[in-house]
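Residue numbers (the numbering used here): 130 to 230.
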Amino acid sequence: MLPNILHRLSQFSSPLKLFEYMACGIPVVASDIPVFREILTDERNAVLFEPDNPESLANSIKRIVDSPELAAKLASTAKKEAGSYTYIRRGEMMLDVIKDI
Numbered sequence: 130m131l132p133n134i135l136h137r138l139s140q141f142s143s144p145l146k147l148f149e150y151m152a153c154g155i156p157v158v159a160s161d162i163p164v165f166r167e168i169l170t171d172e173r174n175a176v177l178f179e180p181d182n183p184e185s186l187a188n189s190i191k192r193i194v195d196s197p198e199l200a201a202k203l204a205s206t207a208k209k210e211a212g213s214y215t216y217i218r219r220g221e222m223m224l225d226v227i228k229d230i
C-alpha cells in the first residue's frame, strides 16, 4: 500500500517501495497521484485511490480482498512490468539521453 498525500512529501512511502511491490508480485494499492500515474494504471497493474480520502483507500483494499482474481491479475501484470524499472534499465535510459546530447 502506498498512501501518499497529494502535493506533499509522504512519510509513508519511498518510490522504491513501488518497484519492490511490483517485482515481488504483490497487488499494489496506491494513491492516485501524478508520480504514480507515470507507472501505474488503475485496474491494469494497481488499484488507485483518491489521495487524502480514507474511505477511498478502504474501498480499494476491499476490492483487492474481495476479488482474488483481480488481485492476481494486477500482481502478475505489475511483476511483468517491473522489469522496465530496474537499475540497469534506468542506466540504459540515462545513457540514451547522454548520447542524444
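Cβ atoms here follow ideal geometry from the backbone N, Cα and C, with glycine treated the same way. Keep in mind that this is a model prediction, so the values were computed, not measured.
With fewer than 16 other Cβ atoms inside 10 Å of its own Cβ, Ile227 counts as exposed.
DSSP lists no bridge partner for Leu203. DSSP places Asp161 in the coil class of the three-state scheme, outside both helix and strand.
With a cut-off of 8 Å on Cβ pairs, the stretch 195-205 is not in contact with the stretch 160-168, counting fewer than three such pairs. Looking at Asp229, Thr215, Pro180, the one whose alpha-carbon comes closest to that of Val164 is Pro180.
Here Asp171 carries a strand assignment [DSSP, helix/strand/coil].
In this structure, the beta-carbon distance from Ala201 to Met151 does not fall below 8 Å.
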